[in-house]
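Heads up: the sequence shown begins at 59 in my numbering, then just goes up one per residue. Quick reminder that beta carbons are idealized off the backbone N, C-alpha and C, glycines included. Report on the structure given below.
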Amino acid sequence: MEEITLSLIDRKNVIAPGELEARMNRAAPLLAEVVAGEARYQPFLGWHSVDESAGPERVRWLRQQADRVRADGDALVVIGIGGSNQSSRAAIKALRPKDGPAILWAGNTISACEMARTLEELDGYQSIYIDCIAKNFETLEPGITFRMLRQYLEKRYGPEDAARRIFAAGTPGSSLEQLCIDYGYTFLEFPERVGGRFSVVSDVGLFPMAVAGIDIMAITDGMRHMRDRLFSEPAQSNLALRYACIRKLMLERGYSLEMLSFFEPRLDYFAKWWVQTFAESEGKNNTALYPVVASNSEDLHATGQFVQQGSPILFETFLQVRQRDASVIFPHDDKKDYFDYLEGKDFWDINDIARKATMEAHSERGIPCLNFSIPAIDAHTLGQLYYFFLFACYLSCKLLGVNPFDQPGVENYKGYMFKNLGKPEGMQ
Ligand code: PA5
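Spelled out as structure tokens, the structure:
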């Protein structure tokens, strides 16, 4: 099998020769702890083995549930926010499965305009299902969207038919589960030991993917493949440790941003998932790299200027896709538009030449460039990527000395918002 690889172009020797290897050796005990899963993080490590939260049996059950939606549904609305809704969107946008119902996303904004648009858009579908994802069912955005869409379904199909169209992923024992029991909705499990941004390894991420028509067994096989690789690779050559140590060294050298750059726009939402994973896990104790994204070649005509000549505050992680997965040949034309020099060339190659040229120009400036090379954009590779970044993020947080699994900072704005919305004190 073709593997994911990682290399570093560092023309200015920001990392001195031998330094990375020494750092990786020193971090070997941390790697061992992450592979074992530390006792203090046990309440958050339900994703770590893959099999606990997304074993083959669970995947088969999810496929059955998804088939029920696929049999007569022409739209599924996935309601959720933050880590809880990014992963399935990332895969569905990247893989673009063709034969399933349309997948819409809601509950990730409080915009009145978006809510009105969603309701209007739903009128255009015949058979609608919804899936509300909410770990503790306290978050405002999915909570109020769920009520709106539940009522919409009830009005349109009547309470009984609406109930069979409603799925909800929550923790066992939560008020969301109680709603499912009371009104006959299908309850999916948001495992207690899996946090939002790690929830791709569970019903939360996998169910919407399965409804869309993605092979979720291939996704979880990819996760297991990467798990086995990262658990067995020694510190000196461990892919995740290498990535985590490079990031830590860059932070120590004064870089404050990591830019994930890619040349396939269908990875835009995967990049959002990556931002979510690292920003919310690492951004604590006044430290961490700020994760940013460049979707090229479009962003080369915007932030590309900053990268080439602006403040030298970032290093770049390129996502290179090796598979030639499409071919469009640039045609001959008698009209003089001065693009004849590209005649007969494949768009795929032109794009790849742009990618190489960008790495060349940026590394020539002295920007450290990591090349993260993946075999293809397919379900198995995506599964590997999900697991890789979750594991690397846990490791990276350990190098920083922060807790990967909490997010105390997101509570601050909520305090002001709930007070001004008149939420009763002490209410969940
Ligand atoms: O990663 C996280 O934990 C967060 O981004 C949550 O997923 C997000 O805040 C939504 O939480 P909940 O599913 O409880 O509504």
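Beta-bridge partners assigned by DSSP to D404: I387. Excluding sequence positions up to five before and after K306, its CB lies within less than 8 Å of the CB of R81, S454, L457, L458, all in the same chain and listed in chain order. Short note on F195: C-beta closer than 8 Å to some heavy atom of the ligand PA5. When the beta-carbon positions are compared, L315 and L372 come within less than 9 Å of each other. When the alpha-carbon of L120 is set against those of E96, A226, A450, the nearest one is in A226.
Between the alpha carbons of L64 and L297 lies a distance of about 7 Å. T244: member of the beta strand (DSSP E) spanning 244 to 247, first to last residue. Secondary structure at N143: helix, using DSSP grouped into helix, strand and coil.
W119: member of the alpha helix (DSSP H) spanning 114 to 130, first to last residue. Of the candidates D407, K330, F265, the residue whose Cα lies closest to the Cα of I188 is F265. When D132, S369, L288 are compared, the shortest CA-CA separation from R423 is found for S369.
In this structure, the CA atom of E115 is about 18 Å from the CA atom of G271. Segment contact: the segment 280 to 289 against the segment 160 to 176, fewer than three CB-CB distances shorter than 8 Å; contact not assigned.
Around V468, the same chain offers no residue with a beta carbon nearer than 6 Å, after the five sequence neighbours per side are excluded. The DSSP-derived three-state label of E374 is strand. Going by beta carbons, F256 and G141 fall inside the 9 Å limit. Three or more Cβ pairs closer than 8 Å define a contact, and the segment 117 to 132 falls short of that threshold against the segment 228 to 236. Taking 9 Å as the cut-off, the Cβ atoms of P159 and L134 count as close. Shortest Cα-Cα distance from E322 to any of N461, V252, G216, A384 involves A384.
About 5 Å separates the CB atoms of V72 and P426; that is less than 8 Å, so the two are in contact.
Judged by beta-carbon spacing, V259 lies within the 9 Å limit of G104, meaning their Cβ atoms are closer than that value. In this structure, K151 lies away from F430, with their beta-carbon atoms at least 9 Å apart.
Our two residues, S146 and G263, have alpha carbons roughly 5 Å apart in a direct line. By the 16-neighbour rule on beta-carbons within 10 angstroms, P101 is exposed. A distance below 9 Å separates the beta carbons of R251 and E110. At a cut-off of 8 Å, the beta-carbon of Q236 does not count as near the ligand PA5: no heavy atom of the ligand is closer than that. Within 10 angstroms of the beta-carbon of V379 lie 16 or more other beta-carbons, which makes it buried. Within the same chain, S339, C451, Y452, C455 come within 7 Å of P462 by CB-CB distance, once the 5 residues on both sides are set aside. Excluding residues up to 5 positions away in sequence, A152, L153, E322, R324, L325, V379, Q381, D383 lie with their Cβ nearer than 8 Å to the Cβ of I435 in the same chain. G201 is not bridged by DSSP to any residue.
Taking C-beta atoms under 8 Å as the contact rule, S185 and D130 qualify, at a distance of about 5 Å. The closest heavy atom of the ligand PA5 lies less than 8 Å from the beta carbon of F248. Annotation for A192 indicates a beta carbon within 8 Å of some heavy atom of the ligand PA5. For Y471, the enclosing alpha helix (DSSP H) has its first and last residue at 469 to 479. Remark: the shortest separation between the CB of P466 and any heavy atom of the ligand PA5 does not fall under 8 Å. Given a length threshold of 4 residues, each whole run of the alpha helix (DSSP H) inside the segment 213 to 243 is given here in chain order: 217 to 222, 233 to 241.
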